[in-house]
Amino acid sequence: MNSILDDPAHDERGQHSNGLPPIGVWWPMLERPLQNEILENLDAPLRVLVVRRIFELCELEPGRALRLGVRLGENDRAYIAGWMHSVDWH
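Residues in the sequence shown are numbered from 1 upward in steps of one, following the working numbering.
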């Protein structure tokens with residue numbers, strides 16, 4: 001018998017299975033050179049330096065995230081696509 005607590009869809013980490021904080025918090029504060037690096041290939045793993053900076057911006061400890069091949073999730077990529085559409089990106 002399964003309970004709601006056993007359901008991965010109800011696990012907080014399931015919302016950000018890549019281990020990153022919510023992109024809406026850190027993307028607007030991330031420096032443009034690091035944004036450009038991410039935009040070059042949205043499917044590529046993020047460098048440790050970038051992940052570390054994301055956690056610094058959110059004032060969080062990265063924990064295991066620095067050792068994993070962290071990639072943007074589908075929702076993260078959708079956020080960036082919407083952000084690029086709404087701003088004058090040069």
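Note that beta-carbon positions come from the ideal geometry of N, C-alpha and C, so glycine has one too.
task = Decide if N41 is buried, meaning its Cβ has at least 16 other Cβ atoms within 10 Å, or exposed.
result = Translated into the one-based positions of the sequence shown, residue 41 becomes position 41. Classification of N41: exposed, given that the 10 Å Cβ count is below 16.
Selection from S17, I54, W26, Q35 that minimises the alpha carbon distance to M84 = Looking up residue 84 in the sequence shown gives position 84. Minimum Cα distance to M84 is reached at Q35.
task = Work out the CA separation of I54 and W26 for me, nearest whole Å.
result = The count along the sequence shown starts at 1 and reaches residue 26 at position 26. The count along the sequence shown starts at 1 and reaches residue 54 at position 54. Roughly 6 Å separates the two Cα atoms.
ask   = Buried or exposed: A81, going by 16 or more other Cβ atoms within 10 Å of its Cβ?
value = Your numbering for residue 81 matches position 81 in the sequence shown. So A81 ends up on the exposed side.
request  = Report the residue from L60, I38, G63, R52 whose alpha carbon sits nearest the alpha carbon of G73.
outcome  = By one-based count along the sequence shown, residue 73 stands at place 73. Comparing Cα-Cα distances from G73 to each of L60, I38, G63, R52, the minimum goes to I38.
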